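Novice: Dropping the structure in here first, questions after.
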Amino acid sequence: MSIPPDVLDQFLVQMVEQGLRTGHLTNFIRQQKSTPSYMSQTALDRAIVSAMDKQGRLYASEFSGSLDIPLQTVIHAWSVLAPQYEWLVMDDVALTSDYVAKIVDRLQVQINDAGCLSMVTLAQQLGLPYALIQKILDPLAVANDEDDSKDLIIYPQLSNLILTRRYANDAKERLQGALDQATQPLSMFKLQRELLLEEESLFYVLLDAVIKRSSSAGVFRGRHDKAVYVPHVYRDAQMDLIKSLVAAGGYIEYETVERSYPYSNPKDLLARHFPDIIFLPTCAVTPACLDEQESIAENALKSKEAKRTIRFCCSRRDRRRRHGVFSPARKIQENSATTETPTKRKQTVLWRACPAGTSLTSVPNTKSGT
144 MSIPPDVLDQ
154 FLVQMVEQGL
164 RTGHLTNFIR
174 QQKSTPSYMS
184 QTALDRAIVS
194 AMDKQGRLYA
204 SEFSGSLDIP
214 LQTVIHAWSV
224 LAPQYEWLVM
234 DDVALTSDYV
244 AKIVDRLQVQ
254 INDAGCLSMV
264 TLAQQLGLPY
274 ALIQKILDPL
284 AVANDEDDSK
294 DLIIYPQLSN
304 LILTRRYAND
314 AKERLQGALD
324 QATQPLSMFK
334 LQRELLLEEE
344 SLFYVLLDAV
354 IKRSSSAGVF
364 RGRHDKAVYV
374 PHVYRDAQMD
384 LIKSLVAAGG
394 YIEYETVERS
404 YPYSNPKDLL
414 ARHFPDIIFL
424 PTCAVTPACL
434 DEQESIAENA
444 LKSKEAKRTI
454 RFCCSRRDRR
464 RRHGVFSPAR
474 KIQENSATTE
484 TPTKRKQTVL
494 WRACPAGTSL
504 TSVPNTKSGT
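Here the sequence shown stands for residues 144 to 513, numbered as in our numbering.
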């Protein structure tokens, strides 16, 4: 008696299923169709190798869907086949060595043309995982521009960017040139835009490299986009101005110092360049000027009339305490004679102590009496 075909099919399916469950059948893969069907591991391996030879790359999700087998089954097969065929496998995709070589050639052309490119952009253009692009490009680049063994650079601080050595050197030369030519304080925020370096982070990495490799003719105040480069030539010119003002007048107000050189504390700056200068609340005075003005003020008080206009001075008590300044107050004395005209009014200069912080300008006093 013959066995009906449907019964035979059911019997074979049961045998295979039992063999798969018990582990006696290891070379068969159950496809995920409603009607039970199976593929041998050998057939799957041949299908993968054939697809890779034709296409050069294969996505596991697409391939497993076309064969109706589990995704992990394809990935496991890749792990066995990849070392044999020298495939590059990353996440969901596998590439042949020939396909990788074509990608490398294409990437090098793009990078050389642009000078600097984002790996995220390259991954999007090629339709490949970002991690795979990194894995392909990392062996082609060095981590700093001091290593000249390769023409591509990937800075550790900017692992998303890859640039050519020519691009990096050109950018650093332009940076160095801008610093060398500066005669006024130079904002790094402004310089970045003038040099057309779109990647702000790259600008500061290259700037750090410029600072380390050469002795800069200036100093940097602040960091990153708040940084300002102050050239020594500007600092020296402003210090010459401050010194000339002190030499000419014997004193200088702190506001004047701050306007002339706003990158240092006025008192600290004056103390470095004028060790003997005396600090008052609103200005700094040289000892010679202080002695001269004290003498003039004392003579004026003794004679009760000043024959010259006095800028300012300190009393001996205030000089010892180093605070408080004097300012001139004009007193107009009218002749008591009724026949004297206003044009014959006599002017004398009196002196009175002003509180600390008072302006050094003349203060009019129209009150009568001495």
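We treat Cβ as the ideally placed atom computed from N, Cα and C, and that holds for glycine.
Since the structure is predicted, the reported quantities are computational estimates derived from the model, not experimental observations.
So the candidates are LEU322, VAL285 and CYS432; which of them puts its Cα closest to the Cα of GLU108?
Specialist: There is simply no residue 108 to check, as the chain begins at 144 and stops at 513 in what is shown.
Novice: Label LEU339 either buried or exposed according to how many other C-beta atoms from any shown protein chain fall within 10 Å of its C-beta, with 16 as the threshold for buried.
Specialist: exposed
Novice: Pull up the CB-CB distance for LEU301 and SER357, whole angstroms please, since I reckon it's below 8 Å.
Specialist: Between SER357 and LEU301 the Cβ distance is about 22 Å, and since that is not below 8 Å, they are no contact.
Novice: To the nearest angstrom, how far is the alpha carbon of ARG309 from that of ASP294?
Specialist: 8 Å
Novice: For THR326, count the other beta carbons within 10 Å of its own beta carbon; 16 or more makes it buried, fewer makes it exposed. Which is it?
Specialist: exposed
Novice: Taking GLY320 as part of the alpha helix (DSSP H), name the residues at either end of that continuous run.
Specialist: 308-324
Novice: Evaluate contact between the region 375-388 and the region 397-408, counting only Cβ atoms and requiring at least three cross-stretch pairs below 8 Å.
Specialist: The answer is yes - the region 397-408 touches the region 375-388, with three or more Cβ pairs under 8 Å.
Novice: Where do the N-terminal and C-terminal ends of the alpha helix (DSSP H) with PHE206 fall, by residue?
Specialist: 203-210
Novice: If you follow the beta strand (DSSP E) that TYR394 is part of, which residue opens it and which one closes it?
Specialist: Looking at the DSSP string, the run of the beta strand (DSSP E) that includes TYR394 is 394-396.
Novice: Look up LEU339 in the DSSP assignment and say whether it is helix, strand or coil.
Specialist: coil
Novice: Are the Cβ atoms of ASN303 and SER261 separated by less than 7 Å?
Specialist: yes
Novice: ARG366 by DSSP, collapsed to three states: which one?
Specialist: The three-state secondary structure of ARG366, taken from DSSP, is coil.
Novice: Between the Cα of ILE246 and those of LEU318, GLY199 and LEU210, spot the shortest distance and give me the residue it belongs to.
Specialist: GLY199
Novice: Note down, in chain order, each residue of its chain lying with its Cβ closer than 6 Å to the Cβ of MET195, except the 5 sequence neighbours on either side.
Specialist: LEU201 and THR239
Novice: Under three-state DSSP, which class holds ILE276?
Specialist: helix
Novice: State yes or no: is the C-beta of ILE276 within less than 7 Å of the C-beta of ALA284?
Specialist: no
Novice: Out of ALA237, ALA274, GLY258 and ALA220, state which residue places its alpha-carbon closest to the alpha-carbon of THR307.
Specialist: It is GLY258 whose Cα lies nearest to the Cα of THR307.
Novice: Checking the sheet assignment: what are the DSSP bridge partners for ILE305?
Specialist: When DSSP reads this structure, ILE305 sits in a beta bridge with LEU260.
Novice: Excluding the five sequence neighbours on either side, which residues of its own chain have a C-beta within less than 6 Å of the C-beta of ASP368, listed in chain order?
Specialist: PHE332
Novice: Alpha carbon to alpha carbon, what distance is there between SER292 and SER204?
Specialist: 39 Å
Novice: Can you name the residues that DSSP bridges to VAL236?
Specialist: VAL236 is bridged to TYR202 and MET233.
Novice: Between LEU210 and ALA190, which are expected to be in contact by the criterion C-beta below 8 Å, what is the C-beta distance as a whole number of angstroms?
Specialist: 7 Å
Novice: For TYR372, write down the residues that DSSP places opposite it in a beta bridge.
Specialist: LEU329 and PHE363
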